[in-house]
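K.L.:
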Amino acid sequence: MSEQDPRLGLTVTHRRYVPYSHAHYAGNLVDGAYALGLFGDVATEVCIRTDGDEGLFASYSDVQFKAPMKAGDVLEVTATVTRVGTRSRTIDFAARVVCRGRPDKSESAAEVLAEPIVAVTATGTVVVPPAA
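For what it's worth, UniProt numbering labels the leading residue of the sequence shown as 1, then goes sequentially.
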């Protein structure tokens, strides 16, 4: 595909509140696999938008856990198409914490962060059916 492919640079964003039922470790920490599940969700929408099919997640070539995710966070998850092959698409992912609970203030206190915290980044490959 040429560099002019309109699918290149397509970005899809999802936001998700992390429920306390997903806390896995002390301090209400959430395991890193939670972000990978969200990356799968946003990749599905990318495939629908680019190819009219949900596609299949084939692999990750890089995953970086950069900061903790906690129950009570609001995560913003983005997927950006960086390469378009015949049947494969390379996608860069990021999960950012945009809101965080403030249990030091009260049980239900929370705040919007002035600067989002990049919690997880990854690069992945999805595959879609051949064009009809």
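Don't be surprised by glycine CBs; every beta carbon is placed ideally from N, CA and C. Given the structure is predicted, the values throughout are model-derived calculations rather than measurements.
Rounded to the nearest angstrom, what separates LYS89 and ALA67 at their Cα positions?
P.N.:
Strictly speaking, residue 89 in this sequence is Arg, with Lys absent from that position. Between ARG89 and ALA67, the C-alpha separation is close to 27 Å.
K.L.:
Among ALA131, GLY124, ARG83, GLY72, whose alpha-carbon lies nearest the alpha-carbon of LEU113?
P.N.:
Comparing Cα-Cα distances from LEU113 to each of ALA131, GLY124, ARG83, GLY72, the minimum goes to GLY72.
K.L.:
Just list the beta strand (DSSP E) runs in the UniProt domain "HotDog ACOT-type" (8 to 132), keeping only unbroken ones of 3 residues or longer that don't cross its boundaries, in chain order.
P.N.:
The qualifying runs are 11 to 17, 56 to 65, 74 to 84, 88 to 101, 110 to 127.
K.L.:
Determine the burial state of THR86: buried for a count of at least 16 other Cβ atoms within 10 Å of its Cβ, exposed for fewer.
P.N.:
The residue in question, THR86, is exposed, as its Cβ has fewer than 16 Cβ neighbours within 10 Å.
K.L.:
Just mark THR82 as buried or exposed, buried being the case when its beta carbon has 16 or more other beta carbons within 10 Å.
P.N.:
By the neighbour-count rule (16 or more Cβ atoms within 10 Å), THR82 is not buried but exposed.
K.L.:
Figure out for me which residue from VAL42, VAL30, VAL18, ASN28 has the closest Cα to the Cα of ALA122.
P.N.:
Ranking VAL42, VAL30, VAL18, ASN28 by Cα distance to ALA122 puts VAL42 first.
K.L.:
Mind checking TYR34: buried by the 16 CB within 10 Å criterion, or exposed?
P.N.:
By the neighbour-count rule (16 or more Cβ atoms within 10 Å), TYR34 is buried.
K.L.:
Roughly how many whole angstroms lie between the Cα atoms of ILE117 and ASP53?
P.N.:
Each residue's Cα considered, the two are about 32 Å apart.
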